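Residue numbers (our numbering): -6 to 74. Glycine included, each C-beta is placed from N, C-alpha and C at the ideal position. Quantities reported herein were computed from a predicted structural model and do not represent experimental measurements. Read through the structure below, which is laid out as structure tokens, and then see the notes.
Listed below in structure tokens is the structure:
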């Protein structure tokens, strides 16, 4: 595993140390790896949403009224009527 050194202000260092004392993380490295993993997941979700927005804009103007769109959005999932 590669080594990566970072500098933190005192308050952030205290925060990280506090997180390790909760018992959820064995050490600061484990906590930082968890933060990075969550950030990667978040970035992936943002990328997927942006792709959908781009596709929606590229598809042009729809024929449904706003009222029709709201009605469709409020129907339970799986109902195609």
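- In the three-state DSSP reduction, residue 56 falls in the coil class, being neither helix nor strand.
- Listed in chain order, the non-local C-beta contacts of residue 31 below 7 Å within the same chain number zero, local neighbours out to five positions each way being set aside.
- For residue 4, the enclosing alpha helix (DSSP H) starts and ends at 3 to 14.
- In this structure residue 13 touches residue 21 by the C-beta definition: roughly 6 Å separates them, less than 8 Å.
- Contact between residue 18 and residue 7 is ruled out by a C-beta separation of about 15 Å, above the 8 Å threshold.
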